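Notes for the one structure printed next.
There are 4 protein chains.
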Amino acid sequence: MKALVYLGPAKKALEDRPKPEITAPSDAIVKITRTTICGTDLHILKGDVPSCQPGRILGHEGVGIVDTAGPAVTAFKPGDRVLISCISSCGKCVYCRKLMYSHCTTGGWILGNSIDGTQAEFVRIPHADTSLYRIPEGADEEALVMLSDILPTGLECGVLNGKVEPGSTVAIVGAGPIGLAALLTAQFYAPAEIIMVDLDANRLEVAKRFGATGVVNSADGKAAGTIMKMTGDRGVDTAIEAVGIPATFKLCEDIVAPGGTIANVGVHGTKVDLHLERLWSHNVTITTRLVDTVSIPMLLKTVGSRRIDAKQLITHRFKLGQILEAYDTFGRAADTKALKVIIEA
Amino acid sequence: MKALVYLGPAKKALEDRPKPEITAPSDAIVKITRTTICGTDLHILKGDVPSCQPGRILGHEGVGIVDTAGPAVTAFKPGDRVLISCISSCGKCVYCRKLMYSHCTTGGWILGNSIDGTQAEFVRIPHADTSLYRIPEGADEEALVMLSDILPTGLECGVLNGKVEPGSTVAIVGAGPIGLAALLTAQFYAPAEIIMVDLDANRLEVAKRFGATGVVNSADGKAAGTIMKMTGDRGVDTAIEAVGIPATFKLCEDIVAPGGTIANVGVHGTKVDLHLERLWSHNVTITTRLVDTVSIPMLLKTVGSRRIDAKQLITHRFKLGQILEAYDTFGRAADTKALKVIIEA
Amino acid sequence: MKALVYLGPAKKALEDRPKPEITAPSDAIVKITRTTICGTDLHILKGDVPSCQPGRILGHEGVGIVDTAGPAVTAFKPGDRVLISCISSCGKCVYCRKLMYSHCTTGGWILGNSIDGTQAEFVRIPHADTSLYRIPEGADEEALVMLSDILPTGLECGVLNGKVEPGSTVAIVGAGPIGLAALLTAQFYAPAEIIMVDLDANRLEVAKRFGATGVVNSADGKAAGTIMKMTGDRGVDTAIEAVGIPATFKLCEDIVAPGGTIANVGVHGTKVDLHLERLWSHNVTITTRLVDTVSIPMLLKTVGSRRIDAKQLITHRFKLGQILEAYDTFGRAADTKALKVIIEA
Amino acid sequence: MKALVYLGPAKKALEDRPKPEITAPSDAIVKITRTTICGTDLHILKGDVPSCQPGRILGHEGVGIVDTAGPAVTAFKPGDRVLISCISSCGKCVYCRKLMYSHCTTGGWILGNSIDGTQAEFVRIPHADTSLYRIPEGADEEALVMLSDILPTGLECGVLNGKVEPGSTVAIVGAGPIGLAALLTAQFYAPAEIIMVDLDANRLEVAKRFGATGVVNSADGKAAGTIMKMTGDRGVDTAIEAVGIPATFKLCEDIVAPGGTIANVGVHGTKVDLHLERLWSHNVTITTRLVDTVSIPMLLKTVGSRRIDAKQLITHRFKLGQILEAYDTFGRAADTKALKVIIEA
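Listed in order, the protein sequences are those of chains A, B, C and D.
Residues in the first sequence are numbered from 356 upward in steps of one, following the working numbering.
Residues in the second sequence are numbered from 356 upward in steps of one, following the working numbering.
Residues in the third sequence are numbered from 356 upward in steps of one, following the working numbering.
Residues in the fourth sequence are numbered from 356 upward in steps of one, following the working numbering.
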């Protein structure tokens, strides 16, 4: 089968690989119909993710059709249309029993990382019963690709951890796909203000279209002051960090109101400064989270009932044979205005 | 001053009464600019509320302008435009310190009940600092009359107690003004389905316009079966009782899913049957609540940011001199299609 | 093997039955070392539980040793010492994914009910990975029998649903084994007062020894008045109903304070009156729950760290060959002062 | 009257000062019967608290008797015995209405800071109705001095923010008075393990006596490794930082388990490193808080019901005339083994 293979820093190829096989009774093989590329895949290609070794098929998002199911799989059978969670969960370990699937002792984020992933014609899904979700009748499968990772990440790590609530004031720092996913899902909770911060004017335009009530271009280095002014010097109830560098975390510290929350979503490569000399008495909460994808069932219902239009995030479409071109488009997002690219397998 | 006075069961009159005066240092006198009539006022007129004695000026909702403020009032001064909470709260007692203002030991629902109310040119507001809310610059004051009682009641007693959440399934039994207030505020939380139940076809039409995803006319006595069918025999996550009779509470018991909640909003005159022989093992929660109006600050923000259009609830407008006509219109809602009537003082 | 078999209303016998076998890949066969008898077993013997048919081996509590494990079982192997949950859970269905194991679509309370149970030398446990718990090194296995059902029930249905918290006032109506389990686990949360209500003076003595701060013998029909006096006419924050009849539920309604919770634990055979004509404005919460046993991991830790002495509940010990005598002793608790009886297999 | 006055860095004196007078209608004058010294007073004397200017009477803890009450005070009258909160709250502002009294716009921590405090014969308490608490009949007033600041701080900033729960594993870094207050109040929630960390062997001995299940002397620089070993390499569910320097915050980062919480209590003078390059995916929560003292009513009940022995924290007693000696004893705690010192006025 065709598969996009990581070959070491800055190297990747579309290769021919053997179709995966069931290796544990709870595995399923899924024939991929649609997958996508994640910012994390670009991180891997930079060599930033040591757990992902050369030879690995990339990808941890997608929808497809069950091809084969191991003997212990009871919830799915061949032919079932399924959504793949980016997080594999056994449903049995101490973390899974607390709904913290991200830390499953035999799962977590392994797809396209420590085991082969979804940017291929077929993928092996461990713990299939608790890592796949049935696609409802009549659903738009393309939209559901957004539920593998990006929407649960924006929602769980940003919106839920950030305790967004009706009437509250939210700032989202970073208007990339993840920040926009937070923007879309924040609207489940009717905040009064959602201020979007980025350096890219195009993405801020998209943010306005997606429901931001205010946008701040941080290119002038004055974003903190601008936001304090926008909030009557009170700051924001929720600051969602969706970039992953010290400067954006610092901005969140500068704008969070007393009693507020900084919900970190960004993947950080270095430590940041935490200004406890000021914040120790500010009654703030800071959270971190690798997505658990526990919100997939809820997201399936909100997509089904049109409370959210997941498809807005999709800007480009490719065939699996064109996946190198898809990577190029996604990798040059500032030029191509790409948000999420769909790859049909 | 002109005032609508309760004169005993079925009797009321627009009378001339002396302007109220400050009696405690924390009182304020508010000049009413707009008030409204509540279903509870009709209950009083039926003689159902013994705490309300003949001679009482009715009304517990409204907006106005501070006329005089007692020496202990620090948050307001004459000329301030204010929203009046239907619940007076001292901010000091054991209940107020738990944000359960409804049970304030020297407040609670007293306006237009045990003390004179808002259907008059002026009203005395006890505990003014904690019972009035400043009206934001540029707000539509007419819309804010809906924040004195009806929207906080739908939200707190129905939506918040009912734990409405994104993707959930909600049924609201009763599409009167309170049920519709629950319908509007439920949408703060992006439920997948909101099924509205009533006997009145007009009100069900209004409900559809206000965002109901399904409506059930219970006139055929088969509402429970219909709703079970609509929910794939699973029942609803939240059943909001907004009528106040045994039959509608029974309907909520019949349709609540395992793990779900019945949030009672209705004012009941008799006991109801609780079918614990069936429900003991269903992991359900039943809540009751007299509104605390703790949500008024949040509602002010959601109205200000247009997350909710409170004004939709207003169907008729009168002058204070026409208040008897307003009562007639509101009392014959089935004919007049009245929801909330505004009375300008 | 020897097994206690239900033979229809009022009939049971110790019979010789074939050893159970694995029927699904996720099954395990457990050799029972200790089991016990539950009040529910007595209900079955009265013919009150239609799902339990004659021929059924009773019992849903116990500890033992894994004898055989099906091919899909990954968490346990033969020889592992295990605690059996009274609730079987698949870990995969919509209810299990919400930690509401009691309503597992292929599990729930089935042991000793719709499938053969634990009052035998061996038992087949479906969904073994998610229905068994490893016994920690050095644990007192006898004490752990209390974790199969009675302590999780008191804790989850009574204490957690009842929101017991430091400084709060709790009444527990019914000082049988379940009420006493609620009493023991309520102390995890340091309430200021725990008032125990029963008709049996001996059980009230036990309650005092187990930590009740006050006891009320309800034989005089004046329990409500007595409790109101004990609480300065304020009532209790949490009323735990651990009997299951209309009179005891009524008592809970009479004594719950505004803002308080009635947590129903009792198994009810008939409907009860819910006095909404009084309670609609009291801001109360009423909960029902079939135990989910989600608290077993937490209970294992609190038993291990001696925060709770589970063994206090055990009053009598028998061999499996004497189980009819054990039933007799447990069934005549008023005379024998039995709480929980241990049966060694 | 006699009063302990701050005279600039490292300078203080017992001076004669005029008795304070009512300046606002909601003030009360309280005759102090007992007060104490806080670590924060030592910070002020180091010149670390710019808001506290020379000439200020220090002290923010104590119990006493109402001497005079302003005309707007309704909850207290002269002769009432009262507990003074270290936090003054108006009960009216946006923060007070959210129970975040620490940030009251006209209160917060002002006593012995921006207005004169309690280390004197009399003190003026602003917002008396919502900043004083009635002392129950028969209470041990000396023990209640611990409820002004230290116990609410340990409980709110450490235990409640840290989400301590039955069966959980807790580490408290710093066994000074505040860390010990966290230790005492953590036991309200029956954690399985409470590991206390300090450099002072005497304080670790005290911690054992107060209920620590394990102690770690961090003098060898290996505390993190030791705690990881003690927890089976899993780390702790709750790490309470009760020192306020980068090294102790770092220790908390090193030992917090995935899904766990770092509750900061310490007052920090410099920024700390937050290792997001590791923690971004660990699903941790970090909280900061200036005590709100919202837990005083609950603490009054737990002290009254002997769920906690607050008096254990008191090691020395002085008269107001000896307060300089009291400061000396408290300031040389390593030598004197002082925890809290009581000063009788």
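Quick reminder that beta carbons are idealized off the backbone N, C-alpha and C, glycines included.
Just so you know, these numbers come straight off a predicted model, no measurement behind them.
| Among I600(A), G615(A), A498(A), nearest to T642(A) - alpha-carbon criterion | Distances from the alpha-carbon of T642(A) to those of I600(A), G615(A), A498(A) put G615(A) closest.
| request: Could you check what DSSP says for G579(C) in three-state terms: helix, strand or coil? | output: The amino acid occupying residue 579(C) in the given sequence is Ala; Gly does not appear at that position. Looking at A579(C) - three-state DSSP - the assignment turns out to be helix.
| said: I'd like to know whether the C-beta atoms of P532(A) and L694(A) end up nearer to each other than 7 Å. | reply: Taking 7 Å as the Cβ cut-off, P532(A) and L694(A) qualify as a contacting pair.
| request: Starting from D628(A), find everything on chain D with Cβ-Cβ shorter than 9 Å and list it in chain order. | output: Neighbours of D628(A) on chain D, chain order: K626, V627, D628, L629.
| Cβ of K432(A) within 7 Å of any chain C Cβ | When Cβ-Cβ separations below 7 Å define contact, K432(A) makes no contact with chain C.
| field | Run of the alpha helix (DSSP H) containing A563(A), from where it starts to where it stops | value | Per the sequence shown, residue 563(A) should be read as Lys rather than Ala. Where K563(A) is concerned, the enclosing alpha helix (DSSP H) stretches over 556-564.
| query | In chain order, what residues of the same chain lie with their CB nearer than 6 Å to the CB of T378(D), ignoring the 5 residues before and after it? | reply | Sequence-distant partners of T378(D) (beyond 5 residues in either direction) whose C-beta falls short of 6 Å from its own C-beta are missing from its chain.
| task | Quickly, what does DSSP pair R436(D) with across the bridge? List them, please. | result | In DSSP, R436(D) forms a bridge with I420(D).
| Backbone secondary structure at T461(D) - three-state DSSP | It is coil, neither helix nor strand.
| Using DSSP with H/G/I as helix, E/B as strand and the rest coil, what is K374(C)? | Coil, per DSSP.
| Given that a residue counts as buried once 16 or more other Cβ atoms are within 10 Å of its Cβ, and exposed if not, what is N468(A)? | If you draw a 10 Å sphere on the C-beta of N468(A), you find 16 or more other C-beta atoms in it, and that means buried.
| Under the three-state DSSP convention, the category M653(A) falls into | Helix, per DSSP.
| query | Going straight from the alpha carbon of F470(B) to that of V591(B), what length do you get? | reply | The displayed chain sequence assigns Ile, not Phe, to residue 470(B). In a straight line, the C-alpha of I470(B) is about 40 Å away from that of V591(B).
| Since R389(D) meets chain A, which of its residues come closer than 7 Å, beta carbon to beta carbon? | By Cβ distance, chain A contributes nothing, its closest Cβ being about 26 Å from R389(D), past 7 Å.
| query | So what's R662(A) in DSSP terms, helix, strand or just coil? | reply | Judged by DSSP in its simplified three-state form, R662(A) adopts coil rather than helix or strand.
| request: Would you please verify whether the beta carbon of D435(C) is less than 7 Å from any beta carbon of chain A? | output: It does not: the Cβ of D435(C) has no partner Cβ on chain A nearer than 7 Å.
| field | CB-CB length for N638(C) against R644(B), believed under 8 Å | value | With a Cβ gap of about 5 Å, N638(C) and R644(B) count as contacting.
| Alpha carbon of V696(A) to alpha carbon of G686(A), nearest angstrom | Annotation: V696(A) to G686(A) spans about 11 Å, alpha carbon to alpha carbon.
| Check whether T461(C) and I387(C) have beta carbons under 7 Å apart | Cβ distance not < 7 Å, so T461(C) and I387(C) don't count as in contact.
| When you check each C-beta in the region 610-626 of chain A against every C-beta of chain D, which residues fall closer than 8 Å? | Result list: P613, G614, N619, G621, V622, H623, G624, T625, K626.
| query | For the alpha helix (DSSP H) that F431(A) lies in, which residues bound it at each end? | reply | Judged by DSSP secondary structure, F431(A) falls outside any alpha helix (DSSP H); it is assigned neither H nor E.
| query | Quick one: does L634(A) have its CB under 7 Å from some CB of chain D? | reply | Chain D, which has a Cβ nearer than 7 Å to the Cβ of L634(A), makes this yes.
| request: Taking 7 Å as the cut-off, decide whether the C-beta atoms of E370(B) and A700(B) are in contact. | output: Between E370(B) and A700(B), the CB-CB gap reaches or exceeds 7 Å.
| Pairwise C-alpha distance: D609(A) and E492(B) | If I take the Cα positions, the gap works out to 28 Å.
| request: Anything in chain D within Cβ reach of S503(C), meaning under 8 Å, just list it in chain order. | output: Near S503(C) there are no residues of chain D at all, since even the closest Cβ is about 17 Å away, more than 8 Å.
| Beta-carbon proximity list for E376(A), same chain, < 6 Å, skipping 5 on both sides | Cβ within range, chain order: n/a, list empty.
| task | Please name the residue, chosen from P601(B), T640(B), G599(B), that lies closest to A612(B) on a Cα-to-Cα basis. | result | Here the closest residue by C-alpha is T640(B).
| field | Option nearest T684(D) by Cα separation, candidates T391(D), A562(D), D647(D) | value | Check the Cα spacing between T684(D) and each of T391(D), A562(D), D647(D): the tightest is with T391(D).
| Would you call R662(C) buried or exposed, if buried means 16 or more other Cβ atoms sit within 10 Å of its Cβ? | Around the CB of R662(C), 16 or more other CB atoms lie within 10 Å, so the residue is classed as buried.
| At a Cβ threshold of 7 Å, is T485(D) touching chain B? | Interface residue, yes.
| request: Could you tell me whether the Cβ of A547(D) comes closer than 7 Å to any Cβ of chain C? | output: Yes, A547(D) lies at the interface with chain C (some Cβ there is under 7 Å from its Cβ).
| request: Determine, using beta carbons only, whether V639(C) comes closer than 7 Å to chain B. | output: It does: the Cβ of V639(C) has a partner Cβ on chain B nearer than 7 Å.
| If you pair each beta-carbon of the region 552-571 of chain B with each one of the region 500-509 of chain B, do three or more pairs fall below 8 Å? | No, because fewer than three Cβ pairs between the region 552-571 of chain B and the region 500-509 of chain B fall closer than 8 Å, the two stretches do not touch.
| said: Distance check for G599(B) and V622(B), CA to CA, integer angstroms please. | reply: For V622(B) and G599(B), the distance between alpha carbons rounds to 5 Å.
| What do you get for K656(A), buried or exposed, if any count of 16 or more other CB atoms within 10 angstroms of its CB means buried? | Burial call: buried.
| said: For the region 415-427 of chain D against the region 424-432 of chain B, do three or more pairs of beta-carbon atoms, one drawn from each stretch, fall closer than 8 Å, so that the two count as touching? | reply: The region 415-427 of chain D is in contact with the region 424-432 of chain B.
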